[in-house]
Amino acid sequence: MEYVMAIKITPDEFSLLIQRLNKKWRVFAPSAEFRGGRFSDTDNIIYQRISGWRDLIWHEKSHMSPNTIIAPITETLFYFDKDTIQIAETDISPIIIFARACDINAMSRLDYMYLSNGNNSDYSYQLLREHIRFVLIECEESFENCFCVSMGTNKTDCYSAAMRFSDEGALVSIRDPFIEAAIQGLGQEADYTPSFVSENRETVVTPDSVCRDPQKIRDILTHHPLWDAYDSRCISCGRCTTGCPTCTCYSVFDVAYDENPQRGERRRQWASCMVPGFSDMAGGHGFRE
Numbered sequence: 001m002e003y004v005m006a007i008k009i010t011p012d013e014f015s016l017l018i019q020r021l022n023k024k025w026r027v028f029a030p031s032a033e034f035r036g037g038r039f040s041d042t043d044n045i046i047y048q049r050i051s052g053w054r055d056l057i058w059h060e061k062s063h064m065s066p067n068t069i070i071a072p073i074t075e076t077l078f079y080f081d082k083d084t085i086q087i088a089e090t091d092i093s094p095i096i097i098f099a100r101a102c103d104i105n106a107m108s109r110l111d112y113m114y115l116s117n118g119n120n121s122d123y124s125y126q127l128l129r130e131h132i133r134f135v136l137i138e139c140e141e142s143f144e145n146c147f148c149v150s151m152g153t154n155k156t157d158c159y160s161a162a163m164r165f166s167d168e169g170a171l172v173s174i175r176d177p178f179i180e181a182a183i184q185g186l187g188q189e190a191d192y193t194p195s196f197v198s199e200n201r202e203t204v205v206t207p208d209s210v211c212r213d214p215q216k217i218r219d220i221l222t223h224h225p226l227w228d229a230y231d232s233r234c235i236s237c238g239r240c241t242t243g244c245p246t247c248t249c250y251s252v253f254d255v256a257y258d259e260n261p262q263r264g265e266r267r268r269q270w271a272s273c274m275v276p277g278f279s280d281m282a283g284g285h286g287f288r289e
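In this text, residue positions in the sequence shown follow UniProt numbering: the first is 1, and each later residue adds one.
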């Protein structure tokens with residue numbers, strides 16, 4: 001996919017662009033959930049639908065990943081009525097997600113787990129994934145605790161457009177005709193090619209860079225002193241896995257309707273290996289006990 005054009009737009013022009021896109025697309029981006037943060041006076045930066053410049057949070061990292069859009073926290077798979085099953089409808093109206101390079105790279109792991117891991121692809125995930133496009137939020141510099149360079153997730157070319165944000169607006173590099181059509185008449189031509197972070201303050205050494213023996217890698221991971229530090233303060237809230245863009249675990253359960261127990265729906269819901277009961281079986285046995 002070649003670059004089509006590059007322009008500079010103001011905050012008002014960005015809002016107009018989003019309004020145009022919203023006529024056909026559902027546009028999601030990091031946005032503030034008012035007073036939804038870890039403390040009573042802090043906001044929670046999550047992925048939500050946006051309508052303009054004021055909704056977008058570009059100068060902070062999001063607290064949740066785009067997984068909430070692509071693999072919903074709770075999802076109905078099908079409805080049942082005694083011996084009949086009806087597949088739940090999936091909203092396939094097209095989606096645009098504003099995301100950073102690390103989160104876009106993380107989608108490849110979700111794609112592998114849901115589409116390639118096994119003999120069958122996940123029906124509802126595949127249906128939704130085919131209608132998703134990304135707009136890259138450029139990181140001009142690394143945030144405090146990022147380690148994307150060590151993991152090779154600091155760069156990506158899987159996007160329809162890239163944007164470098166500032167208080168004055170955004171520089172936009174367009175690669176997809178539908179973005180070009182929506183932005184017609186806005187902004188001024190500019191010289192802009194997206195750049196990527198090349199250095200983090202934090203560096204990470206992965207086990208596979210130390211050795212290739214699976215058993216040794218397992219021993220390195222399970223006996224790492226990092227876990228001693230976490231054991232002393234972990235409350236099993238699951239926040240680490242629900243915030244991780246590469247975690248794909250979920251549990252499946254049936255909900256029977258009160259008025260007729262033979263009718264109901266099967267749902268799946270995010271699960272976390274850090275939460276008690278994660279490995280519990282139907283008979284009550286827990287493998288981790």
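We treat Cβ as the ideally placed atom computed from N, Cα and C, and that holds for glycine.
- Would you call the CB atoms of Ser93 and Arg26 closer than 7 angstroms? Yes, Cβ-Cβ distance for Ser93 and Arg26 is below 7 angstroms.
- Query: So Ile96 and Leu21 are in contact, right, with Cβ under 8 angstroms, and what is the actual spacing, rounded?
  - Reply: A Cβ-Cβ distance of about 6 angstroms is found for the pair Ile96 and Leu21, placing them in contact under the 8 angstroms criterion.
- Task: Report the residue from Glu180, Gly264, Gly152 whose alpha carbon sits nearest the alpha carbon of Thr206.
- Result: Nearest option by C-alpha distance: Gly152.
- Consult DSSP for Thr156 and reduce its assignment to one of helix, strand or coil. In the displayed model, Thr156 falls within coil according to three-state DSSP, outside both helix and strand.
- Message: Bridge partners for residue 348 per DSSP, in chain order?
- Response: The first residue shown for the chain is 1 and the last is 289, placing residue 348 beyond what the model contains.
- Message: DSSP three-state label for Arg233, please.
- Response: In this structure, Arg233 counts as coil in the three-state DSSP scheme.
- Item | Same chain, Cβ closer than 7 angstroms to Asn288, neighbours up to 5 away in sequence not counted | The question names Asn, yet the displayed sequence has Arg at residue 288. Cβ within range, chain order: Ser279.
- Local conformation of Met113 per DSSP, three classes: Three-state DSSP puts Met113 in a helix.
- Query: Since Thr242 is in the alpha helix (DSSP H), which residue starts that stretch and which ends it?
  - Reply: 239-242 is the extent of the alpha helix (DSSP H) around Thr242.
- Do Arg266 and Asp254 have their C-beta atoms closer together than 7 angstroms? Pairing Arg266 with Asp254 gives a Cβ-Cβ distance under 7 angstroms.
- Item | Three-state secondary structure assigned by DSSP to Glu60 | DSSP places Glu60 in coil when its eight states are reduced to three.
- Task: Can you give me the Cβ contacts of Ala6 inside the same chain, cut-off strictly under 8 angstroms, excluding the 5 residues immediately before and after it?
- Result: Counting only Cβ-Cβ distances below 8 angstroms, and skipping sequence neighbours, we find Leu171, Val172, Ser173, Ile174, Glu189, Ala190, Asp191, Tyr192, Thr193.
- Message: So, with DSSP's three-state summary, where would you put Pro214?
- Response: In the structure shown, Pro214 sits in a helix (DSSP, three-state: H, G or I).
- Query: If you follow the beta strand (DSSP E) that Phe253 is part of, which residue opens it and which one closes it?
  - Reply: 250-257 is the extent of the beta strand (DSSP E) around Phe253.
- Is it true that the region 73-86 meets the region 98-108, where meeting means three or more beta-carbon pairs spaced less than 8 angstroms apart? These segments do not touch.
- Task: My understanding is that Cys158 touches Phe134, with C-beta atoms under 8 angstroms, so please give their C-beta distance in whole angstroms.
- Result: Contact annotation, Cys158 with Phe134: C-beta distance approximately 6 angstroms; criterion of less than 8 angstroms satisfied.
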